[in-house]
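Counting from 1 along the sequence shown, just add 36 to a position and that's the residue number in this note's numbering.
To start, the structure under review is shown below, and the notes come after it.
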Amino acid sequence: MNNRILELLEAKENEGYVSGEWLSQELQISRTAIWKQIKKLEAAGYVIEASRRLGYRLTGRPSKLTAQELGIKFQAKNVTMIGGLRLFDEVDSTQNIAQRLAEDGAPEGTLVIAEQQTNGRGRMGRKWVSPSGKGIWMSFILRPGMPIHFAPQLTLLTAVALCRALRAAAAPLDIGIKWPNDLLIGGKKISGILLESTAEEERLRYVIAGIGISVNLTEDDYPPELREIATSLRIQLGRPLDRAEIIAGFFSQFQQLYAVYQREGFAPIQTLWEALSVTLNKPTRLIIGGLETTGTPVGLNEQGALLVRRNDGAVVPLFSAEQVPPGDNGS
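This is the structure in structure tokens:
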């Protein structure tokens, strides 16, 4: 049914609006059913203007990422770490695809990008809103060959690279990092990072770095319960952005920082992360193993743990916890 409505809108594209009544008669379905199908087309990335008086008009189509476009952007930014590119229209999760490729021996830098995820996931099993053609939903393979306890540092490195890239692409937005894996604008989430690792004999066999970025989503793309806590670059800037440019910008930053990390260790990454954090030195609710406590994050230690000053004055390291600023509902 979606395809039939799209065919009719495309056939009348040069004539202006198509009335809902005419569509209803052509397809022998109700006006309400027409509206529902229009919403599905919009969720798939089509831009359709709606007027109560005039009807519907197709004004834009999904913008799909291509290997050629990405290759040009990578070359322009001297990105050399990509070890293979897989593009998909729709997947359950790019993490799942990348993990299967890693198990099959795919090299470091193998990149999986989907226009849409049907079961995108974030940290702690949360679902990620990832409509078609509007965001960046990608995962890539790392093979650092280091002891497993260094894995948290890679999450922090990825957050720094992504924050720097998005600040450059979406200036003057003030984008910052919420430990351990979220990027925020004005307290609202625009991006999440999920690193999943597989180890053997206490060393990392591979790491799958998953990144979701809400680039060109509109408010209608979010369910009502998320509109107060999530946003997109387009909503904040008032204009769409070039997704391929953002992807290339991220890998340019990641490539540089990864080289620094391998050469000099975690200390330079720690300094950059602390400078970009939006939650350091602010009282915070912390959920650890389902139990809630309070404290004030004051920095990172050399292993990448969050240092938290408890109410009794003691400073303790945390490798895993949910950081919930006051007033946040923890989503």
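For glycine and all other residues, C-beta sits at the position ideal for the given N, C-alpha and C.
The structure presented is a predicted model; accordingly, all values stated were derived computationally and were not measured.
Straight through space, the alpha carbons of I70 and Q61 are spaced by roughly 10 Å. DSSP lists R239 as the bridge partner or partners of E236. For the pair W309 and L192, the CB atoms are nearer than the 8 Å cut-off. Contact between the stretch 93–103 and the stretch 114–127 is established, with three or more Cβ pairs separated by less than 8 Å. Residue burial annotation: V251 is buried, with at least 16 other C-beta atoms found within 10 angstroms of its C-beta.
The criterion of a C-beta distance shorter than 8 Å is satisfied by G56 and Y92. Per DSSP, the unbroken alpha helix (DSSP H) holding L273 starts and ends at 269–273.
Out of R179, G119, A86, L94, the CA that lies nearest to the CA of K48 is found in L94. Here S227 has L198, L202, D218, L219, I247, G248, I249, S250 as same chain residues with Cβ atoms under 8 Å from its own Cβ, once five neighbours each way along the sequence are excluded. From the listed residues Q359, V360, F355, the smallest Cα separation to H185 is found for F355. Taking 4 residues as the minimum length, the alpha helix (DSSP H) runs contained wholly in the stretch 275–319 are 279–300, 303–312, in order along the chain.
Here A187 really is in contact with V243; their C-beta atoms are around 7 Å apart, less than 8 Å. With contacts defined by Cβ atoms closer than 8 Å, Q359 and T332 do not form a contacting pair. Residue burial annotation: I324 is exposed, with fewer than 16 other C-beta atoms found within 10 angstroms of its C-beta. Using a Cβ-Cβ distance cut-off of 8 Å, the stretch 256–265 and the stretch 233–242 are not in contact, since fewer than three pairs of beta carbons, one from each stretch, lie closer than that value. Taking C-beta atoms as the reference points, P183 and L190 fail to come closer than 8 Å. Distance from L147 to I118 at the Cβ level is roughly 6 Å; contact confirmed, criterion being Cβ atoms closer than 8 Å. Shown here, K72 sits in a helix according to DSSP, grouped into three states.
Taking 8 Å as the cut-off, the beta carbon of L277 is found closer than this to the beta carbon of A205. Note: E85 is bridge-paired with R93 in the DSSP secondary-structure output. Taking the C-beta atoms as reference points, T267 is found no nearer than 8 Å to K214.
Residues of the same chain with a CB within less than 8 Å of the CB of A79, apart from the 5 flanking positions on each side, are P167, S168, D257 in chain order. Rounded to the nearest whole angstrom, the C-alpha separation of F110 and G285 is 8 Å.
Going by C-alpha positions, G340 is about 26 Å away from N132.
Scanning its chain for C-beta atoms nearer than 7 Å, with the 5 sequence neighbours on each side dropped, one finds around K170 the residues G81, V251, N252, L253, D257, in chain order. Looking at the DSSP output, V148 bridges to R122, S175. The bridge partners DSSP lists for Q359 are L322. Its Cα nearest to that of A357, the residue L343 stands out among A350, Q306, L343, D348. Take L312, set aside five residues on each side of it, and the residues of its chain with a beta-carbon closer than 7 Å to its own are V196, C199, G212, I213, in chain order. Straight across, the Cα-Cα distance linking V296 with S129 is about 30 Å. Less than 8 Å divides the Cβ of I177 from the Cβ of L137. Judged by beta-carbon spacing, S175 lies beyond the 8 Å limit of A142, meaning their Cβ atoms are not closer than that value. Distances from the CA of D140 to each of P304, E264, I41, R241 were compared; the closest alpha carbon is that of R241. Minimum Cα-Cα distance from R88 among the listed residues I108, G96, E105, R67 corresponds to R67.
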